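Just so you know, we're using the working numbering here: the sequence shown kicks off at 27 and counts up by one. Ideal Cβ placement from N, Cα and C applies to all residues, glycine included. It should be emphasised that the depicted structure is a prediction, and the values quoted were computed from it without experimental measurement. Please read the structure below before turning to the comments.
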Amino acid sequence: GFCFGPFNKAGMKEAGSELESEHHFLAQLFNHTEPFGEINVLGELWTTRTTSHIPIADVSKNLSVERIMRAVRLANTSLKNSGIEKPRLALAALNPHAGENGQCGREEIDIIAPAIKEAQAMGIDASGPYPSDITFIKAFAGEFDGVVTMYHDQGQIALKLRGFDEGITIAGGLPAPIVTCAHGTAYDIAGKGVVKTSAFENAVKMASRMALHLQTKK
27 GFCFGPFNKA GMKEAGSELE SEHHFLAQLF NHTEPFGEIN VLGELWTTRT TSHIPIADVS
87 KNLSVERIMR AVRLANTSLK NSGIEKPRLA LAALNPHAGE NGQCGREEID IIAPAIKEAQ
147 AMGIDASGPY PSDITFIKAF AGEFDGVVTM YHDQGQIALK LRGFDEGITI AGGLPAPIVT
207 CAHGTAYDIA GKGVVKTSAF ENAVKMASRM ALHLQTKK
């Protein structure tokens, strides 16, 4: 496995790359064609998301059982690769109060619940959908190992409020453990000697943990 520092996607584009992100670049290096995605970790809580860098207005139409299942499988496999034998996954709802039985949106009934049933049929310990404001209360209390969110900020806000300087990002689904800081480049404080290194330290520890576990499985 390996780690890299905070990454600037705009700089990657300015350098001439047509790839969407550094994770797509890494997948290309590995000739990797299977599903992969960004996983954010704070302490022992892992989060992945069904949709990522798209406008909020487009989230609902981009939800499907297939996409949710891809995120669920990614979270389940990645957690297992870190040494957690039977990951407990929570799926966050999309709408307020988990849709209130269809009164405030039907995505929970028509899309998220069927995905949970499919995951359970595969032997994955998945439950929900939970109202997103309750999901992380339960998760931080230790009820779950991972949370699958429906959109980007649903998980990011919770993790960064809890530990902005501690979080890490894993390139889930790739053949080797690849980990970085969850925060950005912070050019405004570069060279001032005030940077906190805890997130990168956590990234190194996680990459080592995953590499060791994968090695012992062979």
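Taken in chain order, the whole alpha helix (DSSP H) runs of length 4 or more contained in the stretch 145-228 are 158-166, 178-189. Residue 229 and residue 87 have their C-alpha atoms roughly 34 Å apart. With a beta-carbon spacing of about 17 Å, residue 156 and residue 85 fall beyond the 8 Å limit used to define contacts. Look at the stretch 55-85 and you find no whole run of alpha helix (DSSP H) that is 4 residues long or longer. Contact check for residue 173 against residue 140 fails: the beta carbons are separated by 8 Å or more. In this structure, residue 180 places its C-beta atom within 8 Å of the C-beta atom of residue 158. In the structure shown, residue 45 adopts coil according to DSSP, grouped into three states.
As computed with DSSP, residue 28 is found in a beta bridge with 204.
For the 8 Å CB-CB criterion, residue 49 and residue 197 form a contact. Shown here for residue 210: same chain residues with a beta carbon closer than 6 Å to its own, the five before and five after excluded, namely 32 in chain order.
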